[in-house]
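Chains as they are written, first to last, in the working numbering: chain A, 5 to 345; chain B, 6 to 269.
In this text, a Cβ means the ideal position worked out from N, Cα and C, and glycines have one as well.
Working notes, beginning with the structure itself.
This is the structure:
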C-alpha cells in the first residue's frame, strides 16, 4: 500500500484586504475610512498525495496555488481545515518537519544577493546540520548535474536568471528533503535553462524518490514531469487525475497542422473540418477525432502537395487555454463525462 | 540542550561570516560606516561635556559620572548596532515583500533568524573605541576592581533588556506591515534610554521605569556600580527581562499565526 505523504481535508484560507481608489482623494478616504473585504483564496480543498508522486498543481493567476504551497510549507496558517505533511501539521513549524521539506519559489530568492552562492550554501549546511561529507557529496552532484561548478564562487548578483535559479534549486535541495514544493521554478528562463531544470528535477526524483508538487504556467514543465494533475480554480479543486485524461477533457480530437507548397483553393476536402487557415491558404490547423487521424492524414497527403505536417505536441496547453478563458467548460465536461474532481 | 546550543552557535558563526563577507564587498561604504560611528561617539560625548562647562552636576552626578554613564550606553549601542539593528530594518522589509517566507522555513526558531541574522561588522569594529572611552571615564570616577568585573555582565543585562523591548515593538510590524514608523519609534526609545532616569519628571520616570522599563537599561547598572545599595535596580531589570520575554513569545506566536505573506 502506498504511503500518504500529504493529506488535506477541507482546507480554507481567507485573506483580509481593502481596495483604494486612485489619487490623493482616494488615499485620504482610505486612510480614514478603510473598507475591508474577506477573500477566500482557498476553500474546501481536499487532496491526498502518495510518497514519490510528482503532482502538477495548475490554475490561472490568483487561483490559490501559491497560497496552497505556503500552507503546505507552514509559512501561513489555514483559516480552517486539516493538513498533514509527512505526519506533521506544518504550522507547528517543528524542526523535524522543516528538515524534511523544501520550497523553491521562482519569483523569490533565498540566496544572499551580495555574496557568492557558496557562502549561502555553507550557511545552509549549518542550518540543516549536514556533515561535511554529505554536504560535499550533494553539492558536487548537484553542481555538476546543473553545470554550475565554476559559478559557485561568483556573487549571486552577477549571475544570470537561469544560473541563479539553478543555485536556488541547489540551496533548497541540499538537505535532501522528502517533499519538495516547486512554485514556478522555470519562470522567465530560456528554453535551454528550462530543459536543464526539468532534467535535474527528474534526476533528483529518480535518485531520491522525493514527493514533488510543482506549479507552473509552462505546460512543458507539467508534460515533462507530472503524471498527475490537480487543477485549481477560484480556490477550489476543479480536477484531480491523470495527465492523459486531462488532455482529453475537451474531447479526443487532435489538432493536425499541414503546410503546403502552394495555395490550396477554397472549399475542398480540408474545409469540411472548419480549420484555421493562414492568409495565403498555404497552411491549416484542423481538429480530427483521434480514431480518424490515420485516414484523414493519408487522404490529405494524397490530395494536396503537403511539405510538412504534425500533430500538436502539447494538447494540455490547448486544454488549459480553453479552460482559463472559459472555466465553465470544465464543469460541463465533468458532469457529462463523470471526470474526477 | 547542548546539541541545540551547538547547532545555533554553528549557524550564528555563519551569520557572522556571511555578514562580514557582504560588508567587505563594499569597501568605501564600510570605511565610511566606521568613521560615522566614531563621529557619533564623540559628538555625544562632547555635547554632554559641554553642559558641564556651565554647571557642576546634573542631578546627583558630576561630569565624570555622567560621562561614564554615556560611555556605558555607547557600549550597549555599539553591540546593539553591530549585532541587532540591521535585523530590525530588514524585518519590516521582509514582511512587506514576503521574503520572510524563507526564514520561516529554516529549522531554527524564527525569533533567532529574524533578529540575529544580519550583523553590521563596521559597528563591531568600533567597539574598542567605545571600550577605551568607558575605561577612561571609569578610571576617572575611581572604580574598584570588582566594579570593573561587574561591567561586562551589567552591559549584557542592559543590552538584553533593550533588545527584548525592541523585539516586542518590532513584532507589531506583522500587523502594521510597514516597518518604518516602528523603527523610528524604536530609535526614539533608544534616545530616551541614553539619558539617566533622574533627568525625567516623576510621572515619566515611573512610566518608563515600571510600565515600559526603558530607563532601567543604562541607569539601572550605572546606579548600582556607583552605589551598591541600589541593587533594586538590578532586580527590576531581571524581572523586566523575564516578563518582557514571556510577552514576546506570546505575541510572536500570535504574529506568526496571522502572517499573510506577500503574494508572489
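Should residue 254 of chain B be flagged as near chain A, meaning a C-beta pair shorter than 9 Å? Judged by the 9 Å Cβ criterion, residue 254 of chain B is not in contact with chain A.
According to the Cβ coordinates, are residue 66 of chain B and residue 74 of chain B closer than 9 Å? yes
Residues of chain A with a CB under 7 Å from the CB of residue 183 of chain B: which are they? Under the 7 Å cutoff, chain A gives no residues; its nearest Cβ is about 13 Å from residue 183 of chain B.
According to the neighbour-count rule (16 or more other Cβ atoms, all chains shown, within 10 Å of its Cβ), is residue 157 of chain A buried or exposed? exposed
Of the listed residues A:297, A:257, A:185, A:230, nearest to residue 244 of chain A (C-alpha basis): A:230
Pairs of beta-carbons, one from the region 104–123 of chain A and one from the region 101–109 of chain B, closer than 8 Å: are there three or more? yes
Kindly indicate the opening and closing residues of the alpha helix (DSSP H) around residue 347 of chain A. In the structure displayed, chain A extends from 5 to 345; residue 347 of chain A sits before or after that span and is not available.
From residue 227 of chain A to residue 253 of chain A, what does the alpha carbon distance come to, in whole angstroms? 15 Å
Taking residue 216 of chain A and residue 184 of chain A to be in contact with their CB atoms under 8 Å, please state how far apart those CB atoms are, rounded to whole angstroms. 5 Å
Residues in the region 121–144 of chain A having any Cβ partner in chain B nearer than 9 Å: 123, 124, 126, 127, 128, 129, 130, 131, 132, 133
If you check the beta carbons only, do residue 60 of chain A and residue 233 of chain A fall under 9 Å apart? yes
Residue 12 of chain B: contacting residues in chain A (beta-carbon distance under 7 Å): 133
In terms of residues, what are the limits of the alpha helix (DSSP H) holding residue 86 of chain B? No residue range can be given for residue 86 of chain B, since it is assigned to no alpha helix (DSSP H) and is classified by DSSP as neither H nor E.
Decide yes or no for the touch test of the region 189–196 of chain B against the region 126–140 of chain B: beta carbon pairs closer than 8 Å, at least 3 of them. No, the region 189–196 of chain B is not in contact with the region 126–140 of chain B.
Bridge partners of residue 18 of chain A, per DSSP? A:44
At least three beta-carbon pairs within less than 8 Å, the region 297–311 of chain A to the region 199–216 of chain A: no
With 16 other Cβ atoms within 10 Å as the buried cut-off, status of residue 175 of chain B: buried
Chain-ordered neighbours of residue 112 of chain B on chain A, where CB pairs are closer than 7 Å: 99, 102, 103, 131, 132
Could you pull out every unbroken alpha helix (DSSP H) segment of at least 4 residues lying fully inside the region 137–220 of chain B, listed in chain order? 150–176, 178–181, 185–198, 207–211
Are residue 125 of chain B and residue 251 of chain B touching if we call contact CB-CB under 9 Å? no
Can you give me the C-alpha to C-alpha distance between residue 87 of chain A and residue 159 of chain B, rounded to a whole angstrom? 47 Å
Residues of chain A with CB under 8 Å from residue 33 of chain B, in chain order? Per Cβ cutoff of 8 Å: no residues; residue 33 of chain B is ~15 Å from chain A at best.
Pull out every residue of the region 78–105 of chain B whose Cβ sits closer than 7 Å to any Cβ of chain A, in chain order. 103, 104
Between the region 217–250 of chain A and chain B, which residues of the former have CB atoms less than 7 Å from a CB of the latter, in chain order? none
Quick one: grab the DSSP three-state call for residue 60 of chain B. coil
Which of the three DSSP states, helix, strand or coil, is assigned to residue 237 of chain A? Three-state result, residue 237 of chain A: strand.
Under 9 Å, Cβ to Cβ, is there at least one residue of chain A near residue 262 of chain B? yes
Name the chain D residues whose beta carbon is nearer than 8 Å to that of residue 19 of chain A? The question asks about chain D, but that chain is absent: this structure's protein chains are A and B.
Report all residues from its chain with a CB closer than 7 Å to the CB of residue 54 of chain A; omit the five preceding and five following residues, and keep chain order. Within the same chain, residue 54 of chain A has close Cβ partners 6, 7, 8, 9.
Within this structure, are the beta carbons of residue 324 of chain A and residue 62 of chain A separated by less than 9 Å? yes
Could you check how far apart the C-beta atoms of residue 72 of chain B and residue 53 of chain B are, in whole angstroms? I think they sit under 8 Å. So it is a contact: roughly 6 Å between Cβ atoms.
Pull up the distance between the alpha-carbon of residue 300 of chain A and that of residue 266 of chain A, whole angstroms please. Going from the Cα of residue 300 of chain A to the Cα of residue 266 of chain A covers about 20 Å.
Between the region 143–160 of chain A and the region 79–94 of chain A, are three or more C-beta pairs nearer than 8 Å? Three or more beta-carbon pairs separated by less than 8 Å are not found between the region 143–160 of chain A and the region 79–94 of chain A, which leaves the two stretches without contact.
Whose Cβ in chain A lies nearer than 8 Å to the Cβ of residue 38 of chain B? Listed by position along chain A, the residues whose Cβ is nearer than 8 Å to that of residue 38 of chain B form an empty set, because the closest Cβ is around 15 Å away.
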